[in-house]
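Residue numbers (my numbering), protein chains in the order written: chain A, 49 to 372; chain B, 177 to 487; chain C, 594 to 834.
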Amino acid sequence: MTLTSALQLDSIKARVIGAFAVAVVLHGAGTALIPGYSAPFAIRAMLVIASLLAVASIGQTLVVILGGIDLSIPFVIGFANVVAAQLYGQGWHFALVCVVVFGLAALIGAFNGALSRGLNLHPLIVTLGVGMIVQGLVLIWTKGFPSGSAPKAVSAFVSIGGSFGPLPVPALIPALLILTVLIVLVLERTPYGRRLYALGSNPGAAPYALINPLRIWTATFAASSVFAAMAGILLLGFTGSAYGDVGQPYLFQTIAAVVVGGTALVGGRGSFIGTIAGVLVLTEINTLLIGLNFSPAAVQSAFGAIILLLVSLYGRERHFRSTV
Amino acid sequence: MTRIFGRYGFAIAILVVLLIANLVMNPARFAPGNWGTLLGLAAPLIGAALASTPVILAGRGGIDISVGPVMGLVSAVVIKVLYLDAGLASPFILWPAALLVGAAIGAFNGFMATVVRVQPIVATLGTYLILGGLTLTILPAPIGPAPDWLKAMAGAWSFLPLGIIAALWWALCRTPFHGQLMAVGSDDRAAYTAGVPVTLTRFLAYVLTGVLAGAAGMMLTALIGSADPKVGANYTLIAIAAVALGGVSLAGGRGGLLGAAIGAVDIFLLQSLLTAFNVSTYVLQVAYGTILVAAVVLIALQDRSAKRSHA
Amino acid sequence: MPDLSMRIRDLTLRPGAAAVSTQISGGEIVGLAGLDGHGQDVFLRSLAGLERNQAAVDLQGNSIASFRDAEKNAVVYVPRDRRSTGIFPGLSILDNFAIATPGRDRRGLLISAKARRARYEDWKERLQIKAPSPDAPITALSGGNQQKVLLARALARDPKVLLLNDPTRGVDVATRLVLYDLFRDLAAQGMALVILSSEIEEILVLCNRVLVFRDHALAAEISGAAMRTDTVIAAMFGRQA
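Spelled out as structure tokens, the structure:
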């Protein structure tokens, strides 16, 4: 009993380390097989793409630790992308644009969380429904043709060719590192973080331990939407113009990153460092397969197969009998 | 009857309202002579919703998001590989082939989810990506036509595949499998202690979902009269929405194919009505989302008040 | 400090059942007995504000009508089923101990690992918790030690009234003796303890007074020399001793 449980905790660390190891191996393979794979520009490109996915995956990580799932992330990304461009294009100050976009995103997420928890609805359906509504409303507002663009500062912030002081990477990379440290501190060292894990680990015991499930669900889903909106604005800087479907690839990629990073979808376990490892693995796989001249279709298939392989290796659930 | 109505009440109420609205707004389209065509139009969504149901009923996070891509792959295999390349046109070859493809993918999903024990949404996400790529490799661009008998299944003969599925499900509900499926879905530990083969039952639910997805793929092929590698995947999420709308609990163990079908018809009728109003697809999108959220909220409130009146 | 007293006035445990009235004072250990499902569980949960209690419960004049009221007035409830409503299985022993009182360890914005550890070590000593390392998962502990951690979690909230729902269920004999000593200590310091137990022996050994429930009503209130196995059992079955 003692031994298996100790192994259980350690296995989470092992998964995270395993995911990082896979990323390193993939990178080694890429460098060996593809000329220029480790060239500075290629690495910078990978880091930027990985960072954008990492920002989009923050919310999914929090929500999955809670035992939920958030399918509204791609829709909120698209919403933020389009609304930010549109408002900025109409001459709003960009700080005000951000306040409005993040505020609305927080409301969307809070609604998702409060409704799912309050009425005990499956968050998959609630976030899907709310996501569809949000996307539809944005389309109606822009009549399907979003306009506007990102301020130069945002574009420079995420530009692959950008630099940050003496560092040869855009400011996005150090910013993400700081954000990662903050997220880890919040999860590990604040009452909110500990309650998040506790609630995900055993919702039935939470109220007796003075944890308010409704409040935590509301706050966590709100945070998820805010980070999705952040990704949407960063993507606006990255691509240069607004596009409502820009978030769609992130629907499954955020879930895949979380799971490959060793966070179980049953709640109560996982870490954002793991998600970062998952993000690196996914980015490496993608870059490697494209570099090997696979067709987009073959890249997609191989992507799916590798996710299945990785998760079969270390993402297995316990047998339901062991929970009897 | 009251029990059935209780669970599906909201979906049925919407159905009636939408049907009347459609009849008033668009009598020509809804004339009896057109029913075959109408059903053919709704069939792929109904099929996808039916396919999504068994794994959801089986509980413990059971879900199959590869239903849409299975439909796309079946379409590509049947039209491109078997009909156009190999010259096989008989329904008695193409239908079994479609169902077999579905069953094989269902078995793979079932193996991953129940034996390897990868979380269902992740396992079927992997399959989703693999199948999407495979379909595009087999069929880079839309191709046609479909055999005439298959196209007829989107018209006058559209009731046939759905009728057969309904009959088979009705029969299945009278075998021990149905009871076991619901038992596993509502409480797998209790079912296990009661001697139900939990893993096998769940595995079979995935196979059943695969077979039904294969059938839905044929209905999709019939409707578009050709094979298109891109349309299948779109059905996944809207089908799950239809299932939830139809009162099937995503926690498992509650609901059935009838509810899923009603949910799908609701979405189809809504689509049809808004199209008649000449409303943009954007509004349609908002309407889908609103109806979906409203439905699950109302079902939850209904369950809650039912529980209270029992207590 | 005025003497602690929790008053229960005309509390009905089920529509139609006779109302229950009693008083529980600081320094007392009150036992709840009865056949399973005869109302003692509802009574205990009512004291914790977890059941609708018609505002029949108050502590020093402050009504305990909700779980939040209980929280504010330092009325602490320890549930029966450790596994489904007690422990957080994925979390460490430390987390499981500190989860209800995380604010106490906060220095600035962050939880101080050192403060938390020190607080845990105090309770570990006092409850004689046998645990490998505080960072080990809670599931690495025996049932008895898990229960001690849960008690430490509850006691960390400085309860005035401690409501225990079958606290020694599935706990080994050695641990029971430790817990009995602890409960007596707490009572001696002025805390009021209400203990629901499925074992009559335990109530006889531990409690000053026993409330016996039958058909969701108070069948008997026994204390002193009259508190014997035969009297309690007779009351449980609705007979005269």
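Even for Gly, the Cβ is constructed at its ideal location relative to N, Cα and C.
Which residues, taken in chain order from the segment 683-695 of chain C, show a beta carbon closer than 9 Å to some beta carbon of chain A?
G683, L684, S685, D688, N689, A691, I692, A693, T694 and P695
CA-CA distance, A708 (chain C) and K723 (chain C)?
20 Å
With contact counted as at least three CB pairs below 8 Å, one residue from each stretch, are the segment 680-691 of chain C and the segment 652-670 of chain C in contact?
no
How would you call K256 (chain B), buried or exposed, if buried means at least 16 neighbouring beta carbons within 10 angstroms?
Its Cβ being crowded by 16 or more others within 10 Å, K256 (chain B) is buried.
Going by C-alpha to C-alpha distance, which of B:L199, B:V243, B:V292 and B:L396 sits closest to T375 (chain B)?
The shortest CA-to-CA distance from T375 (chain B) to any of B:L199, B:V243, B:V292 and B:L396 is the one to B:V292.
What residues in the segment 145-172 of chain A have a beta carbon less than 8 Å from any beta carbon of chain B?
L163, L167, N168, L169, H170 and L172
Check the C-beta distance from L625 (chain C) over to Q633 (chain C) and give it rounded, since I have them as a contact under 8 Å.
4 Å
Taking beta-carbon pairs under 7 Å, can you tell me which members of the segment 669-681 of chain C lie near chain A?
Y670, P672, S677, T678, G679, I680 and F681
Checking 7 Å against the spacing of the C-beta atoms, do A299 (chain B) and A283 (chain B) come in under that value?
no
Going by the CB atoms, is the gap between A277 (chain A) and V124 (chain A) shorter than 7 Å?
yes
Quick one: is G309 (chain A) buried, meaning 16 or more other Cβ sit within 10 Å of its Cβ, or exposed?
buried
Short of 7 Å Cβ to Cβ, which residues in the segment 309-330 of chain B face chain A?
G309, L310, L312 and T313
Is the shortest distance between the beta-carbon of Y259 (chain B) and the beta-carbons of chain A less than 7 Å?
no
DSSP state of F123 (chain A), grouped into three classes?
helix
What does DSSP give as the partner residues of L757 (chain C) in its beta bridges?
C:V671 and C:I788
For the segment 320-354 of chain A, which residues have a beta carbon sitting closer than 8 Å to at least one beta carbon of chain B?
S343, P344, A345, A346, V347, Q348, S349, A350, F351, G352 and A353
Please list, in chain order, the chain B residues whose beta carbon lies closer than 7 Å to that of I82 (chain A).
Correct list: empty, because the minimum Cβ distance to chain B is about 20 Å.
Using 8 Å for Cβ pairs, my map puts M247 (chain B) next to A280 (chain B). What's the rounded Cβ distance?
At roughly 14 Å, the Cβ-Cβ gap does not stay under 8 Å, so M247 (chain B) and A280 (chain B) are not in contact.
Locate the alpha helix (DSSP H) running through D442 (chain B), then write down its first and last residues.
Run containing D442 (chain B): L433 to A452, per the alpha helix (DSSP H) assignment.
Tell me, to the nearest whole angstrom, how far the beta carbon of Y411 (chain B) is from that of I443 (chain B); I am working on the premise that it is less than 8 Å.
Contact flag wrong, Cβ pair sits at about 11 Å.
What's the C-alpha gap between T50 (chain A) and A437 (chain B)?
Caution is warranted here: a pLDDT of 41 is assigned to T50 (chain A), below 50, making its placement in the model unreliable, and the coordinate value is therefore given only provisionally. T50 (chain A) and A437 (chain B): Cα-Cα distance of roughly 50 Å.
How would you write the range of the alpha helix (DSSP H) that I333 (chain A) sits in, first residue to last?
F320 to G339
I need the DSSP call for I601 (chain C), collapsed to helix, strand or coil.
Three-state result, I601 (chain C): strand.
In terms of residues, what are the limits of the beta strand (DSSP E) holding T351 (chain B)?
Premise fails: T351 (chain B) is in no beta strand (DSSP E) and is neither H nor E.
Work out the CA separation of L720 (chain C) and Q740 (chain C) for me, nearest whole Å.
10 Å
Hey, quick one: how far does the alpha helix (DSSP H) through A841 (chain C) stretch, first residue to last?
No answer is possible for residue 841 (chain C): the residues shown for chain C start at 594 and end at 834.
Tell me A626 (chain C)'s beta-bridge partners as DSSP assigns them.
Beta-bridge pairing links A626 (chain C) to C:V805.
Going straight from the alpha carbon of L187 (chain A) to that of P405 (chain B), what length do you get?
26 Å
May I ask you to check if the CB of V147 (chain A) is nearer than 6 Å to at least one heavy atom of the ligand NAP?
Summarising the ligand content, the structure contains no ligands, and the ligand NAP is consequently not present.
Provide the residue span of the alpha helix (DSSP H) that contains T313 (chain B), from first to last.
P296 to I314
May I ask which residues mark the beginning and end of the beta strand (DSSP E) holding I617 (chain C)?
V613 to S618
Have a look at R600 (chain C) and G252 (chain A) and give me their C-alpha separation to the nearest angstrom.
29 Å
Kindly indicate which three-state DSSP category P218 (chain A) falls into: helix, strand or coil?
DSSP places P218 (chain A) in coil when its eight states are reduced to three.
Rank A:T79, A:G84, A:L340 and A:F89 by C-alpha distance to the C-alpha of G210 (chain A) and give the top, closest one.
When only C-alpha atoms are compared, the closest one is A:F89.
Nearest to A312 (chain A) by CA position, among A:I333, A:S249 and A:G157, is which residue?
A:S249
Quick check: the segment 252-268 of chain A against the segment 332-351 of chain A, are there 3 or more CB pairs under 8 Å?
no
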